[in-house]
Each structure stands twice: as C-alpha cells, then as structure tokens.
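Residue numbers (this note's numbering): 26 to 161.
Backbone N, C-alpha and C define an ideal beta-carbon position, used for all residues, glycine too.
This structure is a prediction, so every number in the text was calculated from the model and none was measured.
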C-alpha cells in the first residue's frame with residue numbers, strides 16, 4: 026500500500042516537472058525544433074553572440090575564439106563542414122583556430138594538447154590557416 030502511494034507521488038512529481046519545462050524558443054532566428062539548416066543572417070548571428078557574451082564573456086575579454094580540428098580536408102564532406110563553420114564564424118565575429126588532423130588520431134591529440142598549453146601555437150595555426158588552406 027505504501028509503495029503505491031510513493032509511486033503515485035513520484036508520478037505526479039514527474040508529470041509536474043515535464044509540464045513545467047519551457048518549450049524550445051526562437052533565438053535570433055534559430056529554432057531547434059524548426060531549423061532548416063540554412064545559415065542565419067549575419068545580423069542574427071552577431072546578435073546571438075552579443076547575448077551569449079552577456080551570459081558568458083569571452084576569456085580573452087574581446088571575442089570568442091573557437092578551435093576546430095577537421096578530420097581531413099581531403100574528404101569532401103569534411104571540407105564542406107569546415108567551410109560552413111568558417112562562414113558562420115566570420116559572419117558572427119568569432120575567431121577560428123583550425124587544424125587538419127589528416128585522419129590521424131596522434132596528430133589530433135598533439136594539436137589539441139599543444140593548443141591548450143601554448144596560446145602562441147594556437148595563434149600560429151590560425152595564421153597558417155588564413156595564409157594557406159592546405160596547412161593544418
């Protein structure tokens with residue numbers, strides 16, 4: 026008898042929590058339930074970054090920096106993913122640090138570890154990437 030009462034209480038609490046959760050909302054033109062896959066406008070991306078910076082300021086005090094390690098630029102799909110990331114980041118005013126792992130786990134681990142330890146190394150990767158898209 027007591028077990029049934031506990032189950033009913035837990036079921037009621039779960040139902041109350043489920044109905045209290047707010048549905049996904051539109052955020053500067055992005056809706057997680059209705060996203061078409063098309064790039065948002067530069068204005069919408071920039072506005073989203075401004076709001077994000079209010080909630081979580083960039084650690085460098087200026088702008089967000091995003092690191093992306095591509096699996097292999099020689100694979101068409103991977104190159105298109107990188108292209109999309111670059112276009113969106115440029116439109117949003119986010120700095121990118123991009124490296125090409127060349128399908129090698131050891132390369133990935135070395136790049137990630139070095140970039141975390143040495144901001145100058147991360148900057149060098151970014152400089153190489155801007156100068157020559159074949160460098161990683």
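- Residue 93 places its beta carbon 8 angstroms or farther from that of residue 119.
- Residue 125 is bridged by DSSP to 95.
- The continuous stretches of alpha helix (DSSP H) do not include residue 52, and DSSP gives it neither H nor E.
- Nearest to residue 113 by C-alpha distance, out of 86, 72, 87, 130, is 72.
- Under the DSSP assignment, residue 113 falls in the alpha helix (DSSP H) whose first and last residues are 101–117.
- Remark: C-beta atoms of residue 67 and residue 140 do not approach each other more closely than 8 angstroms.
- Straight-line spacing of the CA atoms in residue 84 and residue 108 works out to 25 angstroms.
- Straight-line measurement puts the Cα of residue 102 at about 26 angstroms from the Cα of residue 138.
- Beta-bridge annotation (DSSP): residue 120 is paired with 90.
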